[in-house]
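Beneath this line is the structure, given in structure tokens, with notes to follow.
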Amino acid sequence: GGTDVEKHRDLLAAENERLRREVKACEGELRALRQRQPGPCLPCEHGQENGRLQERLAQLQRELEEARARLGELDLEVQQKTHRLAEVELRLKDSLAEKAQEEERLSRRLRDSQETIASLKAQPPQVKYIIKTVEVESAKAKQALCESQSRNQYLQEQVGMQRQVLKEMEQQLQSAQRTAAQLRAQIGLYEAELERAHGQMLEEMQAMEDEKNRAIEEAFSRAQVEMKAVHENLAGVRTNLLTLQPALRTLTNDYNSLKRQVRDFPLLLQETLRSARSEIGQAIEEVNSANRELLRKYRRELQLRKKCHNELVRLKGNIRVFGRVRPLTKEDGAAAEAGSAVTFDPDDDAVLHLSHKGKQVSFELDKVFPPKATQEDVFREVQALVTSCIDGYNVCIFAYGQTGAGKTYTMEGTAANPGINQRALQLLFAEVRGKAADWDYAISVSVAEIYNEALRDLLGKEPQEKLEIKLCPDGSGQLYVPGLTEFRVQSVEDINKVFELGRVNRATECTNLNERSSRSHALLMVTVRGLDRSTGLRTAGKLNLVDLAGSERVGRSGAEGSRLREAQYINKSLSALGDVIYALRSRQGHVPFRNSKLTYLLQDSLSGDSKTLMMVQVSPADKNSSETLCSLKFAERVRSVELGPVCRRAELGSWPSQEQLEVTERPPPHGDSPGAARGHAAPGPGPPSARTASIRRKLQTAG
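Counting from 1, one number per residue, gives the positions in the sequence shown under UniProt numbering.
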């Protein structure tokens, strides 16, 4: 069988080699034809037929390889079964050898036992029982008799022991005979199993050999049929190739024509691109000029809208709200928490966006200062409000926000970079110097704080003494604080001394959220009194600069003991401020100013008698987004509050006619200027004099 398989395999290999030579010859002819033709030929039926034949040839080669792989697998299986048969024969030989050794050992023991028995039987009897009557004549005979008796007893014991040993050996012989019989039966079983396994192995080998021969014959017959078809197709391909030469000449001519067109194409393309670039550049320039013009108009309209809005806010008496976002600091935490949650509108400096819990919330204020804004930028927006107190208006600027948001920095600043407080007083001094030719001004300063709902004088000799807020006895309805120290300042050095004294006496502590947290509401009250030497007009303006203590969550700030009590009072007063803002916004008949010392002291600033500005300070840190959201929502509510027209506090001095004139700013009628004022004279004995009329004209001009 192995010889037939090898013959078939050799035949298949020879046929395969012959087919490869023919395929190589066909490929050589194809290469020669491709070399003769100048360019690639178009797809035709002969080329497709050739491709199909090559695919069929490759498929036949794959089937031949699969048949060879199958033959190798069958050979490997035969080898494995041969190895298993050899192992079984080795185990059988080992079993037979062990059986022979065991039989030999048992035979030797049996022979030894038989020889021992025979030798014992062959020995003459050593003990004889003799019964005689012996007369004992002496002690020596008696001793010999006793020794003979003991010797006889010992020999009897030895005979019993030998009999016992003989009995045990006979039992061992029987056991060995039984074991030998069992081994013979087991050997017979092994021999039968071996014969059966050998027969099965021969049958399997014969079946495998038959299957191998059948597979080889089938592969050989398929290969012959396929190769015959390949030969026929190759003959057709040769015939078709001879007919392709005219088509190749036609293709060559077309190819040369296309080559000439391709050679001329770059010049045409460059010319087209130049014209297209010039047209596109002209269109882009026109669009850019139109965009610049639109952007200029948009910015102009934005400035005009803001100007109109500010004028409307001034006329309505709304509280103006500015927002300032502090920069990120190292106290804001790791990079994951320190991400900025606040973004700004590049086209509108009054809008900011807050990202809170994956949602973006937009807020519109009167002005928004980004983190890069300086103290000068902030004060530039509020200086017009500050200078109006010289003209007799009450002005209030207060900073609101969570603890650590930068309120104290905005209001007080540092020695090298002062805040609104010091810059406001410096501006007032500059304005006073500018009007020194016609006016006499006196500027006085008071500094107080509200600590745990107790009003304290930070410039007094006893800063811990509690003060009370009372109504002026003159019936004007204004509030004042009896006993509050008031310093008259005339230079920047006086201002620095006042600020330093107030800063030393103010209550500050360290919390988890702020290393130097303000634990009270600080109020800087600046009073400007002026006298026009030419007309006798007196003005009294008041500037309240308030640094509110920051709202805080006790769980985050870690406040305990007295710090916890301070935080509770701070949050209570800020909550009272929110109640006042809600009542003003909803135009309720009763506004709860007296619910807190803070709101009671700010009653003049929040009841329509003052120009009020709130500076809301926010933190851009993502971990503070909840507090930032609350601050900005409160700022929007404050921005919608309308306090009404602002009153100017100005009056004429005493004249010989005892005539007084009070000028109050009202909303101008149509056609009047926004700053026009109307005078009201007290009843007198006669008509006003010419001097009084000139005074009124001057007052209207000043207003």
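Don't be surprised by glycine CBs; every beta carbon is placed ideally from N, CA and C.
Let's test the definition: count the other Cβ atoms within 10 Å of the Cβ of Ile581 and tell me whether it reaches 16, buried, or not, exposed. By one-based count along the sequence shown, residue 581 stands at place 581. It counts as buried.
On a Cα-Cα basis, can you pick out the residue from Ser626, Ser444, Ser605 and Glu293 that is closest to Gly530? On the sequence shown, position 530 is the one that residue 530 refers to. Minimum Cα distance to Gly530 is reached at Ser444.
By how many angstroms is the C-alpha of Gly339 removed from the C-alpha of Val432? Here the question's residue 432 lines up with position 432 in the sequence shown. Here the question's residue 339 lines up with position 339 in the sequence shown. If you take the alpha carbons of Val432 and Gly339, they lie about 46 angstroms apart.
When the Cα of Glu211 is compared with those of Arg91, Leu71 and Gln360, which residue comes out closest? Translated into positions along the sequence shown, residue 211 becomes position 211. Glu211 has its Cα closest to that of Leu71, out of Arg91, Leu71 and Gln360.
Relative to the C-alpha of Ser551, which candidate in Lys372, Gly404 and Leu643 has its C-alpha closest? Your numbering for residue 551 matches position 551 in the sequence shown. Of the listed residues, the one whose Cα sits closest to Ser551 is Gly404.
With a threshold of 8 angstroms, are at least 3 pairs of Cβ atoms found where one atom belongs to the segment 563-583 and the other to the segment 596-610? yes
Proximity to Lys330 [Cα-Cα], best of Ala621, Ile450 and Asp494: Translated into positions along the sequence shown, residue 330 becomes position 330. Ranking Ala621, Ile450 and Asp494 by Cα distance to Lys330 puts Ala621 first.
Three or more beta-carbon pairs under 8 angstroms between the segment 198-207 and the segment 75-85, yes or no? Three or more pairs of CB atoms, one per stretch, sit closer than 8 angstroms, so the segment 198-207 contacts the segment 75-85.
From which residue to which residue does the alpha helix (DSSP H) around Ala215 run? As a working note, residue 215 is residue 215 in the sequence shown. That run of the alpha helix (DSSP H) goes Ala139 to Leu242.
When you compare only the Cα positions, how much space is there between Arg326 and Gly406? The residue given as residue 326 occupies position 326 in the sequence shown. The residue given as residue 406 occupies position 406 in the sequence shown. For Arg326 and Gly406, the distance between alpha carbons rounds to 6 angstroms.
Do you know offhand how far Leu328's Cα is from Leu471's? Here residue 328 refers to the residue found at position 328 of the sequence shown. Here residue 471 refers to the residue found at position 471 of the sequence shown. About 44 angstroms.
Indicate whether the contact test is met: 3 or more Cβ pairs, each with one atom in the segment 24-35 and one in the segment 168-184, closer than 8 angstroms. Taking 8 angstroms as the limit for Cβ pairs, the verdict is that the segment 168-184 does not touch the segment 24-35.
Does DSSP put Val526 in a helix, a strand or coil? As a working note, residue 526 is residue 526 in the sequence shown. Of the three classes helix, strand and coil, the one that applies to Val526 here is strand, per DSSP.
Do Glu468 and Pro482 come within 8 angstroms of each other at the CB atom, strictly closer than that value? As a first step, residue 482 must be located in the sequence shown, where it is residue number 482. As a first step, residue 468 must be located in the sequence shown, where it is residue number 468. It is a contact, given that the beta carbons lie within the stated cut-off.
DSSP beta-bridge partners for Ser355? One-based indexing of the sequence shown puts residue 355 at position 355. For Ser355, which the question treats as bridged, DSSP gives the partners Gln360.
Quick check: the Cα distance between Phe634 and Leu352, rounded to an integer number of angstroms? Within the sequence shown, numbered from 1, the residue matching residue 634 stands at position 634. Within the sequence shown, numbered from 1, the residue matching residue 352 stands at position 352. So the two alpha carbons sit approximately 15 angstroms from each other.
On a CA-only basis, which of Arg300, Cys396 and Val361 is nearest Val321? Give me that one, please. Numbered from its first residue, the sequence shown carries residue 321 at position 321. Comparing Cα positions, the closest option is Cys396.
Nearest to Val78 by alpha carbon, out of Leu64, Ser221 and Met205? Residue mapping note: residue 78 aligns to position 78 of the sequence shown, counting from 1. Selected option, being the one with the closest Cα: Met205.
Report the option in Gln143, Ala276, Thr612 and Leu428 whose CA atom is closest to the CA atom of Val526. The residue given as residue 526 occupies position 526 in the sequence shown. Minimum Cα distance to Val526 is reached at Leu428.
In whole angstroms, what is the alpha-carbon distance linking Ser275 and Leu267? Numbered from its first residue, the sequence shown carries residue 275 at position 275. Numbered from its first residue, the sequence shown carries residue 267 at position 267. Distance between the alpha carbons of Ser275 and Leu267: 13 angstroms.
Does DSSP put Lys633 in a helix, in a strand, or in coil? Numbered from 1 along the sequence shown, position 633 holds the residue referred to as residue 633. Lys633 falls in the helix class under three-state DSSP.
Option in Arg111, Gly188 and Ala176 with minimal Cα separation from Leu96: Translated into the one-based positions of the sequence shown, residue 96 becomes position 96. The residue with the shortest Cα to Cα distance from Leu96 is Gly188.
Mark Leu19 as exposed unless 16 or more other C-beta atoms lie within 10 angstroms of its C-beta, in which case mark it buried. Here residue 19 refers to the residue found at position 19 of the sequence shown. The residue in question, Leu19, is buried, as its Cβ has 16 or more Cβ neighbours within 10 Å.
How big is the Cα-Cα spacing for Ser257 and His231? Along the sequence shown, read from residue 1 onward, the residue named residue 257 stands at position 257. Along the sequence shown, read from residue 1 onward, the residue named residue 231 stands at position 231. Going by the C-alpha atoms only, they are around 39 angstroms apart.
In this structure, does DSSP put His590 in helix, strand or coil? Your numbering for residue 590 matches position 590 in the sequence shown. In the three-state DSSP reduction, His590 falls in the coil class, being neither helix nor strand.
Does DSSP classify Ile581 as helix, strand or coil? As a working note, residue 581 is residue 581 in the sequence shown. DSSP places Ile581 in helix when its eight states are reduced to three.
Sorted by chain position, which residues of the same chain lie with C-beta nearer than 8 angstroms to Arg533's C-beta, five sequence neighbours on each side aside? As a first step, residue 533 must be located in the sequence shown, where it is residue number 533. Asp438, Trp439 and Asp440, listed in sequence order.
State the Cα-Cα distance for the pair Pro674 and Leu484, rounded to the nearest angstrom. Along the sequence shown, read from residue 1 onward, the residue named residue 674 stands at position 674. Along the sequence shown, read from residue 1 onward, the residue named residue 484 stands at position 484. Confidence at Pro674 is low in this model, with a pLDDT of 31, below 50, so the placement of that residue should be treated as unreliable; the coordinate-derived value is given next. Spanning the two alpha carbons is a distance of roughly 36 angstroms.
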